[in-house]
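According to our numbering, the sequence shown is numbered sequentially starting from 588. Working notes, beginning with the structure itself.
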Amino acid sequence: MSETTEGRAAAGAKGNGAARPGVQAIDRAVAILKCFSPRRPEMGISDIARATGLSTSTTHRILASMQANGLVRQTAQRRYALGPLLVQLARSGAFPTTLRDAALGAMRELRALVDETVGLHELLPSNERAVIDQVESHHALRRTYTELGVPIPLVYGAPGKVMLAFLPPAAAEELVTGPIEAVTPATITDPARLREELENIRKQGYALSFSERTPGIRTVAAPVFDHEARVVGCLSVSAPESRMPEERMRDLGPVVARTAGEVSEVLGCARG
Numbered sequence: 588m589s590e591t592t593e594g595r596a597a598a599g600a601k602g603n604g605a606a607r608p609g610v611q612a613i614d615r616a617v618a619i620l621k622c623f624s625p626r627r628p629e630m631g632i633s634d635i636a637r638a639t640g641l642s643t644s645t646t647h648r649i650l651a652s653m654q655a656n657g658l659v660r661q662t663a664q665r666r667y668a669l670g671p672l673l674v675q676l677a678r679s680g681a682f683p684t685t686l687r688d689a690a691l692g693a694m695r696e697l698r699a700l701v702d703e704t705v706g707l708h709e710l711l712p713s714n715e716r717a718v719i720d721q722v723e724s725h726h727a728l729r730r731t732y733t734e735l736g737v738p739i740p741l742v743y744g745a746p747g748k749v750m751l752a753f754l755p756p757a758a759a760e761e762l763v764t765g766p767i768e769a770v771t772p773a774t775i776t777d778p779a780r781l782r783e784e785l786e787n788i789r790k791q792g793y794a795l796s797f798s799e800r801t802p803g804i805r806t807v808a809a810p811v812f813d814h815e816a817r818v819v820g821c822l823s824v825s826a827p828e829s830r831m832p833e834e835r836m837r838d839l840g841p842v843v844a845r846t847a848g849e850v851s852e853v854l855g856c857a858r859g
């Protein structure tokens, strides 16, 4: 892309009210930062220009400004790498480092909105889950988790199913093939039915449980992803059946999914 073409594009965007020069500069700087990865920790100007579609001269100008602000640094080979400011911010404690730290504020807000117990569930290395925290409902009759930290198979309940749905396919299939023991009369034990439900969960972004793990308790859950877009846990809203008709559960689904998405964003997962 030539400087003239870039200039015309910028002028056109400005004329359409789509972007101002300062905003465009930020967009270009972000595009450059996104070029770096563990596989490409250092890049030359020509590599960056090709990856972003910017001209070499524009790339050089933006890199000079980014270097002056600590966003990139120049190596001994006159290539570019991520700069010291990013490292300082990452290690400053300004970013939550655990799932619990990232989720607690959102959990309180969600509880205030729905006044039902909000649970935080973490995916374990064993491909099981554990409840690691909760913000309880104010209702006298409410869901209260008593098994904090205890491993639970993913095939049981909305929190497990929603994580199972977003596991790598081979890992998920190994768990789905069972055998699955019924822990309540509503437990899904048929692998074919469970596969169908997991497909629906992937499409809608949340899972429902109709007393499938705990008698008398219905749950809505949505996944939380990390900076590599891997599922690492989920948020759930649980309540007694008397306050959780199916219509309310389906109304809550997008709300829980939106809140879980906010937690994912705090953990570095880009929305999209």
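Even for Gly, the Cβ is constructed at its ideal location relative to N, Cα and C.
**Message:** I'd like the list of long-range same chain contacts for N603, defined as Cβ closer than 6 Å, with 5 residues on each side in sequence excluded.
**Reply:** The residue you call residue 603 lines up with position 16 of the sequence shown. Because N603 carries a pLDDT of 43, less than 50, the predicted location of this residue cannot be relied on, and the following value inherits that uncertainty. Nothing listed; no residue qualifies.
**Message:** Taking the alpha helix (DSSP H) that P841 belongs to, which residues open and close that run?
**Reply:** As a working note, residue 841 is residue 254 in the sequence shown. Looking at the DSSP string, the run of the alpha helix (DSSP H) that includes P841 is 833-853.
**Item:** Close Cβ partners of V722 (< 6 Å) along its chain, the five nearest in sequence each way excluded
**Value:** Position 135 of the sequence shown holds residue 722. Correct list, in chain order: M694, R695, R698, V705.
**Request:** Mark V674 as exposed unless 16 or more other C-beta atoms lie within 10 angstroms of its C-beta, in which case mark it buried.
**Result:** Indexing the sequence shown from 1 puts residue 674 at position 87. Within 10 angstroms of the beta-carbon of V674 lie fewer than 16 other beta-carbons, which makes it exposed.
**Asked** Who are S713's beta bridge partners in DSSP?
**Response** The residue given as residue 713 occupies position 126 in the sequence shown. S713 pairs with nothing; no bridge assigned.
**Asked** What's the C-alpha gap between G657 and G736?
**Response** The sequence position of residue 657 within the sequence shown is 70, counting from 1. The sequence position of residue 736 within the sequence shown is 149, counting from 1. Approximately 41 Å between the Cα atoms of the pair.
**Item:** Supposed contact pair A809 and A844 - C-beta distance, whole angstroms, cut 8 Å
**Value:** As a first step, residue 844 must be located in the sequence shown, where it is residue number 257. As a first step, residue 809 must be located in the sequence shown, where it is residue number 222. Sure, about 4 Å apart at Cβ, within 8 Å.
**Message:** Check for me: the beta strand (DSSP E) holding P756 runs from which residue to which?
**Reply:** Here residue 756 refers to the residue found at position 169 when the sequence shown is read from its first residue. Unbroken run through P756 is the alpha helix (DSSP H), 756-763; no beta strand (DSSP E).
**Message:** Using C-beta distances below 7 Å, list every residue in its chain close to P802, excluding the 5 sequence neighbours before and after it, in chain order.
**Reply:** As a first step, residue 802 must be located in the sequence shown, where it is residue number 215. The beta carbon of P802 is closer than 7 Å to those of T771 in its chain, skipping five residues each way along the sequence.
**Prompt:** Helix, strand or coil: which one does DSSP assign to G594?
**Reply:** Here residue 594 is taken as the residue at index 7 of the sequence shown, counted from 1. For G594, the predicted model reports a pLDDT of 42, less than 50, meaning its position is unreliable; a value from the coordinates is still stated below. Assignment of G594 by DSSP, reduced to helix, strand and coil, places it in the helix class.
**Message:** Does L751 come out as helix, strand or coil in the three-state DSSP assignment?
**Reply:** Locating residue 751 in the sequence shown gives position 164, counting from the first residue. Three-state result, L751: helix.
**Message:** Pop quiz: P746 and T806 are said to be a contact at Cβ under 8 Å. What is the actual Cβ separation, rounded to whole angstroms?
**Reply:** Taking the sequence shown and counting its residues from 1, one reaches residue 746 at position 159. Taking the sequence shown and counting its residues from 1, one reaches residue 806 at position 219. Indeed, because the Cβ distance is near 7 Å, the residues count as touching under 8 Å.
**Message:** So, at 6 Å on beta carbons, what are the nonlocal neighbours of E828 in its own chain, with the 5 sequence-adjacent residues on each side left out?
**Reply:** Reading the sequence shown from its first residue, position 241 is the one you call residue 828. Same-chain partners within the cutoff: G803, R805.
**Request:** Please state whether DSSP places N603 in a helix, a strand or coil.
**Result:** Here residue 603 refers to the residue found at position 16 when the sequence shown is read from its first residue. Interpretation of N603 is limited by its pLDDT of 43, a score under 50 that renders its predicted location unreliable; the figure taken from the coordinates is listed afterwards. If DSSP states are grouped into helix, strand and coil, N603 belongs with coil.
**Item:** Secondary structure, alpha helix (DSSP H): runs of 4+ residues fully inside the region 621-696
**Value:** Listed in chain order, the complete alpha helix (DSSP H) runs (minimum 4 residues) inside the region 621-696 are 632-639, 643-655, 671-677.
**Item:** DSSP beta-bridge partners of P827
**Value:** The count along the sequence shown starts at 1 and reaches residue 827 at position 240. The secondary-structure analysis by DSSP pairs P827 across a beta bridge with I804.
**Prompt:** To the nearest angstrom, how far is it from the Cα of P908 to the Cα of L676?
**Reply:** Outside the shown range of the chain (588 to 859) lies residue 908, about which nothing can therefore be said.
**Reduced DSSP secondary structure (H/G/I, E/B, other) of A612** = Counted from its first residue, the sequence shown places residue 612 at position 25. For A612, the three-state secondary structure derived from DSSP is helix.
**Residue burial classification, A826 (beta-carbon count within 10 angstroms, cutoff 16)** = Taking the first residue of the sequence shown as position 1, residue 826 is located at position 239. Buried, by the Cβ-count rule.
**Asked** Thinking just about the alpha-carbon of each residue, which of A655, D702, I613 is nearest to the one in L839?
**Response** By 1-based counting over the sequence shown, the position of residue 839 is 252. Closest by alpha carbon: D702.
**Item:** Terminal residues of the alpha helix (DSSP H) in which A528 lies
**Value:** Within the shown structure, residues of the chain are numbered from 588 to 859, placing residue 528 beyond reach of any answer.
**Request:** Measuring alpha carbon to alpha carbon, tell me which of L650, G670, T684 ends up nearest V853.
**Result:** Residue numbering aside, residue 853 sits at position 266 when the sequence shown is read from its first letter. The option with the nearest alpha carbon to V853 is T684.
**Request:** Drop a sphere of 10 angstroms on the beta-carbon of L707, count the other beta-carbons inside from all chains shown, and report buried for 16 or more, exposed for fewer.
**Result:** For the purposes of this step, residue 707 is taken as the residue at position 120 of the sequence shown. Buried, by the Cβ-count rule.
**Prompt:** With respect to the beta strand (DSSP E) encompassing S796, which residues constitute its N-terminal and C-terminal limits?
**Reply:** On the sequence shown, position 209 is the one that residue 796 refers to. S796 -> beta strand (DSSP E) spans 794-797.
**Item:** Buried or exposed by the 16-neighbour rule on C-beta atoms within 10 Å, applied to I619
**Value:** Counting from one through the sequence shown, the residue named residue 619 turns up at place 32. Buried is the call here.
**Asked** Roughly how many whole angstroms lie between the Cα atoms of E784 and F682?
**Response** What you label residue 784 is simply residue 197 of the sequence shown in a count that begins at 1. What you label residue 682 is simply residue 95 of the sequence shown in a count that begins at 1. Separation of E784 and F682 (C-alpha to C-alpha, rounded to the nearest whole angstrom) is 35 Å.
**Prompt:** Which value, in whole angstroms, describes the spacing of the CA atoms of S713 and I632?
**Reply:** In the sequence shown, the residue the question calls residue 713 occupies position 126. In the sequence shown, the residue the question calls residue 632 occupies position 45. When rounded, the distance between both Cα atoms is 44 Å.
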